[in-house]
Amino acid sequence: MMANARRKIDEPRAKVQTDSIVEQIQICNLADELVRKTQAVEQSEAARSADEELLGRMQSQCEELRVQPAAAKVQLAEVEGHNRRTADRTREKLVVRVDRCLRGYAHLEVETQERVTLRELEMHATALMAGDGQSRRRVAKRLEAFLSRSRDAIANLKAEGAPSAERLRQQIMRLRLKLLRPKEKAVEEKRRQKEKTKTSETLPKPSSAGTTGEETTSESEPNFVLTVLLEIPSTEPSLNLDQTAKKPSTDYPMADGSANPRLLYSQPFTKHSYPKYKGSGDDDDADSYIKLFESVSVTKLEIINDERKENLLDYTERFQDLLDRIPKTGPGSPFSIQQAVDWYVTELTRKMETFCRRGKCDTIEDVIASAEAFETSTLNQRGRERRDSVGRKPKGGRRKRRGATPLSEELSLDEGSASSEEEETSS
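So for the sequence shown, the UniProt record's numbering puts the first residue at 1; every next one is plus one.
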């Protein structure tokens, strides 16, 4: 009985123990599974945060990509503005180059002739400073005659400048009206017809013969456009100071290095014929080229007259100073050779003064010889440069020699009279 009772008690106890062991095993398994799930949750949270960061970066990149087209447009506008400014600078350089080509040769001839003539007179006057009273009086008379002629020349230039410039402006206005584009010309004609109809409706219409005559004149006048622009009218032939300015430049190109302006005289100059001389171009370039000729032709006469007046005024002041230094009556206090040399050297240009100082000139003859050598070397160098520039051009025209001006003829007559007076005094 006791054994059966124990057996009955032990069986439930063993069953309870086995159940508790199973439960402990299940608890351990559940704990392990909980740990694994928590780790998975942590990993998923980390992945979600990484995805959020990636999404933020992608959104920022999208915003940057949206901003890039606007920045590209702004940059494109800047580049276009830079290109436009570059084109404007190129056109300005073209204007300056053509201006220099048009008046370079004439200015060179005028400057060379005036410089050589006035320099010879100055050298001769300075050489006679150290002479006796008779030579001083003769120099004073010649200087007074030159001053009077120079004042008359300046007055004539001032009187001729205004009407000549006005005539050039009128010619340019007529040329500009003829070189308008067909559309602009039609619009201008319509506007004028409307104004005429508003003012008076009883005016007769122009006949066909009149229109054909206008067309023939408009077709014939552009053939002489450049000759009209390059010629400078002169109202006083006795002065003849604008003789060199009337000659067109043939040693310099206009728009192209291989083009010769002499070829343009026989052909009408319009914006449609401009690309033939440049090689390539459009209407804007042609318009700018036409405006270029307008500005050059308007300012050409004024610039030449201003430079000539400044040159004459400069030499007038210098000769007036020399005339004030020379005693006209009585023996006076004669100049020493060193004083004459110092005055002459200090009144020269900077380059020529440096050249004479380096040569250690002690007498007037040495100074004059050094100045003549410097002038000769400068003129020879310019002549070589001009010949080289002409040799590089395949169609360069030959330059015509300019005849003697009345001023040089008068100076040569004065020198001849002075030499005859010296021969008489010596005899």
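All residues carry an ideal CB built from backbone N, CA and C; glycine is no exception.
Please read all numbers here as calculations on a predicted model, not as lab measurements.
According to the neighbour-count rule (16 or more other Cβ atoms, all chains shown, within 10 Å of its Cβ), is residue i buried or exposed?
i	result
T211	For T211, the predicted structure reports a pLDDT of 40, less than 50, and the residue's modelled location is therefore unreliable. A value from the coordinates is still provided. Flag for T211 reads exposed.
S370	buried
V16	exposed
C62	exposed
S60	exposed
M352	buried
L65	exposed
R36	exposed
V22	exposed
A145	exposed
S150	buried
R142	buried
A72	exposed
A31	exposed
K8	exposed
Going straight from the alpha carbon of residue i to that of residue j, what length do you get?
i	j	result
R6	N29	34 Å
Q68	Q43	37 Å
T378	C356	14 Å
V95	H82	20 Å
D10	A3	10 Å
A159	V74	56 Å
L34	A47	20 Å
E45	L76	46 Å
A87	A70	25 Å
P163	E80	44 Å
R358	R84	51 Å
A155	E166	18 Å
A50	R57	11 Å
residue 428	A14	Examination of residue 428 is not possible in this model, given that the chain is present from 1 through 427 alone.
V367	C361	5 Å
A40	I27	20 Å
D152	D306	15 Å
F374	R89	37 Å
S148	E195	55 Å
S20	E52	47 Å
E302	R97	18 Å
Q170	K93	27 Å
I25	P12	20 Å
E189	R91	31 Å
E78	Q193	44 Å
L55	T18	55 Å
T216	V187	In this predicted model, T216 has a pLDDT of only 39, less than 50, meaning its place in the structure is not dependable; the value taken from the coordinates is given anyway. For T216 and V187, the distance between alpha carbons rounds to 21 Å.
T376	R138	28 Å
T354	A140	29 Å
T197	R191	10 Å
Between residue i and chain B, is there a C-beta pair that is closer than 8 Å?
i	result
I21	Within the model displayed, chain B is absent; a lone protein chain is all it includes.
Taking 7 Å as the cut-off, is the C-beta of residue i nearer than that to any heavy atom in the ligand ATP?
i	result
V16	With respect to the ligand ATP, the structure offers nothing, as it holds no ligand at all.
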